[in-house]
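Undergrad: One structure, pasted below without further comment.
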Amino acid sequence: MLDRVIFYFFAGIAVGSAALMVTRRNAVHSAIFLIATLLATAGIFLQLRAEFIFIVQIILYVGGIMVLFIFVIMLVNLDVALHQIKFARQKWVALVVALALTAEVGVLFWTTGKMPGQGFPILTAAPVNRLPPNAEAVAKSLFSSYLLPFEIASVLLLVAMIGAVVMAKKRT
Amino acid sequence: MLPVGHYLFLSMALFLLGVIGVITRRNVIVVLMSIELILNAVNINLVAFSRLYGDVAGQVFALFIIADAAAEAAVGLGIIIAFFRNRETVLADEMDLLKW
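Line by line, the protein sequences are chains A and B. Note that my numbering gives residue 118 to position 118 of the first sequence, counting from 1, and the numbers run on in steps of one. Note that my numbering gives residue 1013 to position 13 of the second sequence, counting from 1, and the numbers run on in steps of one.
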């Protein structure tokens, strides 16, 4: 019961702020609502007992990426953009695409409910007191099975860092 | 844990809102933020199935996706700054140098 209340609380905040983020005209407001969505998602992660992802989400997404976004919003002059049309011309195309995706996923959910034995697995998750300590389990998996992807991710971050510095540098 | 369908519905809703943002918004910064929303929706799926199967591999992949999102945001915002320096705009439909 408590699980359900927590889930619906955070899910409501996440979806509501995401809808506001897409529709607000001011980019700073969009960034604030995106931060609310990311924090609510972090709550969902905690409800799923993924403590390490929860902390990483808050430190890296909210503390790192969103600060970067807000810096760039302040560097870029937005007063011009405020007085212009918010949505691009392909608004109706977007509506059709979104409706098609919704219909597709809805049909998927509907049919899987009808057919027993097919579709999503109806498993019961492991009880909470049987789960290993989360950060420890993630670290073991990350540094043994997924060591090579981990190193490749570090190279990717190095490339992205160099790329961002070169891109944002003033031409001399 | 709730049935996994709840998490899939939440993830689908966030994903669709992100897609709508990417397609409709004119401000490129908001488009980048919508992409972050999409990546976040994928993370919910990964962590939910990781919890369902009791396997931390899903959480490891969620970590990789977060690292990717950081790299993508850094490069994308660098491109936006470079573009703004040249053209004085952040609106997607005024970025038409390659269009004729």
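Backbone N, C-alpha and C define an ideal beta-carbon position, used for all residues, glycine too.
#1: Taking the DSSP output, what are the residues bridged to residue 1091/B?
#2: How about residue 1033/B and residue 69/A: do their beta carbons lie closer than 8 Å?
#3: Kindly list the residues whose CB is nearer than 6 Å to the CB of residue 35/A, restricted to its own chain and excluding five residues on each side of it in sequence; keep chain order.
#4: I'd like to check one pair, residue 22/A with residue 1076/B: are the Cβ atoms closer than 8 Å?
#5: Let me see if you follow: with CB-CB separation under 8 Å, is residue 1056/B close to chain A or not?
#6: Where does residue 1034/B fall in DSSP's three states?
#7: Using beta carbons (cut-off 8 Å, strictly below), is residue 62/A in contact with chain B?
#8: Along the region 1019-1053 of chain B, where does the CB come closer than 8 Å to a CB of chain A? Name the residues.
#9: Spatial neighbours of residue 1082/B within its chain, please: CB distance less than 8 Å, with the 5 preceding and 5 following residues excluded, ordered by chain position.
#10: Helix, strand or coil: how does DSSP classify residue 169/A here?
#11: Along the chain, where does the alpha helix (DSSP H) that runs through residue 13/A open and close?
TA: This is what the structure holds:
#1: As a working note, residue 1091/B is residue 91 in the second sequence. According to DSSP, which records beta bridges pairwise, residue 1091/B is partnered with 1027/B.
#2: Taking the second sequence and counting its residues from 1, the one referred to as residue 1033/B is at position 33. Taking the first sequence and counting its residues from 1, the one referred to as residue 69/A is at position 69. Yes, the Cβ-Cβ distance between residue 1033/B and residue 69/A is below 8 Å.
#3: As a first step, residue 35/A must be located in the first sequence, where it is residue number 35. So the qualifying residues of the chain are 62, 66.
#4: Numbered from 1 along the second sequence, position 76 holds the residue referred to as residue 1076/B. Numbered from 1 along the first sequence, position 22 holds the residue referred to as residue 22/A. Contact: no.
#5: The sequence position of residue 1056/B within the second sequence is 56, counting from 1. So, interface residue.
#6: Walking along the second sequence from the start, residue 1034/B turns up at place 34. The answer is helix: DSSP assigns residue 1034/B an H, G or I state.
#7: The residue you call residue 62/A lines up with position 62 of the first sequence. Closer than 8 Å: no.
#8: 1019, 1020, 1021, 1023, 1024, 1025, 1026, 1027, 1029, 1030, 1032, 1033, 1034, 1036, 1037, 1040, 1043, 1044, 1047, 1048, 1050, 1051, 1052, 1053
#9: The residue you call residue 1082/B lines up with position 82 of the second sequence. Closer than 8 Å at Cβ, skipping near neighbours: no residue.
#10: As a first step, residue 169/A is located in the first sequence; it is residue number 169 there, counting from the start. Coil at residue 169/A, not helix or strand.
#11: What you label residue 13/A is simply residue 13 of the first sequence in a count that begins at 1. Unbroken alpha helix (DSSP H) run through residue 13/A: 2-23.
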